[in-house]
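One structure is given below, encoded as structure tokens.
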Amino acid sequence: MTALRYLQAYPMHLQQQVMHMIADGRLGDYLTTRYPARHQIQSDKALYAYTLGLKQEHLRNAPNIDKVLYDNRLDLTHRALGLHTAVSRVQGGKLKAKKEIRVAALFKEAAPEFLQMIVVHELAHLKEYDHNKAFYKLCEYMLPGYHQLEFDLRVYLTWRELVAPN
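Letter by letter, the sequence shown follows residues 18 to 183 in the numbering used here.
As structure tokens, this is what we get:
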């Protein structure tokens, strides 16, 4: 059996369940049954509006977001599915920080739940920089069932790698 690089941090019994589905050729069917829909958020403008809506709903006091876009350069080889950055620039006598969120372009074809999970993850970094207990608590607050979605996203990435290896 192949090593499940996206699932290495999970307990062995969960990894074995995924390995059995791979061996039986059922992993794709499992994901299609569980996540049949595809979202319609295809442009950077639509992604920005979607992200701003989630921010307004859950993080009104968080810093403003200046830019949100799909990034073709983000992929699994960079070990990043999304990025949050603050670009600092001097304007006149003031230092201005522009907040940006970049989402890997592979999410254009993903289930809406996976896009929501990655956007929530990046939004949570506006309040909590590190992946600590408070960070995951905030993610769970913004998206109940966040942990299951993160696991299923990792299963989806495993399946994508099996279907179209690098």
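Glycine included, each C-beta is placed from N, C-alpha and C at the ideal position.
- Listed in chain order, the beta strand (DSSP E) runs fully inside the segment 80 to 152 are 84 to 88, 99 to 108, 111 to 121, counting runs of at least 3 residues.
- A Cβ-Cβ separation of about 6 Å places Gln59 in contact with Lys125 under the 8 Å criterion.
- Closest in alpha carbon position to Ile118, among Met159, Gly162, Pro129, Leu143, is Leu143.
- The three-state secondary structure of Gly45, taken from DSSP, is helix.
- Counting along the chain, the unbroken alpha helix (DSSP H) around Ala63 starts and ends at 61 to 75.
- By the neighbour-count definition (other C-beta atoms within 10 Å, threshold 16), Thr49 is an exposed residue.
- In the structure shown, Arg51 adopts helical secondary structure according to DSSP, grouped into three states.
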